Amino acid sequence: MPRRPRDANPSIAADASQKRQAARIAGLLLPWYDRHHRSLPWRANPGQPKTDPYRVWLSEIMLQQTTVATVGPYFARFLARWPALTALADAPQEDVLAEWAGLGYYARARNLHACARVLRDQHGGRFPDTVEALLELPGIGAYTAAAIAAIAFDRPAAVMDGNVERVLARLFAVREPLPAAKPILRVLAKAATPTERPGDYAQAMMDLGATVCSPGEPDCLLCPLNSLCAARKLGIAASLPAKAPKPERPRRHTLAFLLLRPDGAMLFRRRPEKGLLGGMLEVPSAPWRDTPWQLDEALAHAPLDRITWQERPASAEHVFTHFALSIRAVEARIDARQAAKLDGNWLPPGEAAVPTAIKKMLRLRSL
Ligand code: SF4
0 MPRRPRDANP
10 SIAADASQKR
20 QAARIAGLLL
30 PWYDRHHRSL
40 PWRANPGQPK
50 TDPYRVWLSE
60 IMLQQTTVAT
70 VGPYFARFLA
80 RWPALTALAD
90 APQEDVLAEW
100 AGLGYYARAR
110 NLHACARVLR
120 DQHGGRFPDT
130 VEALLELPGI
140 GAYTAAAIAA
150 IAFDRPAAVM
160 DGNVERVLAR
170 LFAVREPLPA
180 AKPILRVLAK
190 AATPTERPGD
200 YAQAMMDLGA
210 TVCSPGEPDC
220 LLCPLNSLCA
230 ARKLGIAASL
240 PAKAPKPERP
250 RRHTLAFLLL
260 RPDGAMLFRR
270 RPEKGLLGGM
280 LEVPSAPWRD
290 TPWQLDEALA
300 HAPLDRITWQ
310 ERPASAEHVF
320 THFALSIRAV
330 EARIDARQAA
340 KLDGNWLPPG
350 EAAVPTAIKK
360 MLRLRSL
């Protein structure tokens, strides 16, 4: 049996082989990125000066849970209205929430605004350039900190979103289901991140996952990493990453009150700052609870009693991350004298900047 040389150190050997593998991956991926990168409004093209961290941050916060196609118009509107970080910091929070309406996960918009203010007040309006310092800021978690550090400052930070998770799970044939596989994938991501052009590498991994190593059947023939890919060799690429079955979403129920003035304005109110859809406009509604409402008991929560509410025949559903909401609605028209007694905002329903769940309530009206 061959003997190990006296000075051989397994951890150094492992480290060296990881470095070689990282160099192989980057050596194949970066030339592919130079030719096939996606052109995105928040991105500098390969070889250009690094992207403005404000743009990277804004786009990454918007892209959480949302697609590139959806984010495009929002990103353009935000930049047109607030071209620099300090302009966003100086804006009233309700303007930022109104511009965000429809993107969902409204805590992100509140944190975005809070973060802009911290950067303006405590960092001279500039982003710090390390993962550790970025993590101290409101609304910036591990993924966003790594993305800003890598893409805007070319730091070798391991960036891991859903696309990158998929590429890594396949490249290294990680069969452990998500989310339990995340720690393994983080180690692999770190080991694979090169010190040369780490920002382009991070974006290349994202692009590969978005365009070639896509969910379902990947396009391995077009993949620059196919010679290194373990899942491809094993014929299991389409089945990775494995996912643990999701528990069924609980369901909640509400009844919306669509109340109109003679001029067509509808009654809205603002939700509490904290919690789901915090700070956003909504129409009054019965509490969102686990059991369906009987009409009579739901009417006890109406903004005005002793008027005739018409029940709408259609219903709607909105799916939040942790539950689905079943929506029914009633509507009524009142005179200007009655309306003047109610607290809230009277707005034309088509002009109110409301989240998607509330838009679905508005669509149930006939008046
Ligand atoms: Fe994904 Fe196929 Fe490329 Fe492997 S070879 S990384 S499965 S596209």
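Numbering (numbering that gives the first Met the number 0), first residue to last: 0 to 366. For glycine and all other residues, C-beta sits at the position ideal for the given N, C-alpha and C. Every value quoted in this text rests on a predicted model; they were computed, and no experiment measured them.
Asked	Found
P217: CB within 7 Å of a non-hydrogen atom of ligand 1	yes
Which residues DSSP lists as bridging T253, in chain order	I326
Length at least 3, wholly inside the segment 47 to 95: the beta strand (DSSP E) runs in chain order	none
R231: CB within 7 Å of a non-hydrogen atom of ligand 1	yes
Closer than 7 Å: V211 CB and nearest ligand 1 heavy atom	yes
Distance cut-off 7 Å: A331 Cβ against heavy atoms of ligand 1	no
Cβ shell of Q92 (< 6 Å), same chain only, five flanking positions each side left out	H112
Assumed close pair V353, L280 - CB separation to whole angstroms, cut-off 8 Å	5 Å
Cα-Cα separation, R154 to G103	30 Å
Completely contained beta strand (DSSP E) runs for the segment 254 to 309, where each covers 3 or more residues	265 to 269
Contact check, A301 vs W308, beta carbons under 8 Å	yes
A86 at chain B interface by Cβ criterion, 8 Å	Protein chains in the displayed structure number just one, and chain B is not present.
Heavy atom of ligand 1 within 7 Å of N225 beta-carbon	yes
E131 in three-state terms, based on DSSP	helix
Coarse secondary structure for V163, derived from DSSP in three states	helix
Rounded C-alpha distance that separates G26 from A146	21 Å
Counterpart residues of L346 in DSSP-defined beta bridges	M265
Reduced DSSP secondary structure (H/G/I, E/B, other) of E98	helix
Heavy atom of ligand 1 within 7 Å of R169 beta-carbon	yes
Residue environment, D262, which counts as buried when at least 16 other CB atoms sit within 10 Å	exposed
Closest by C-alpha distance to G343, when choosing among A230, E247, P240, A264	A264
A315 - containing beta strand (DSSP E), residue span	315 to 318
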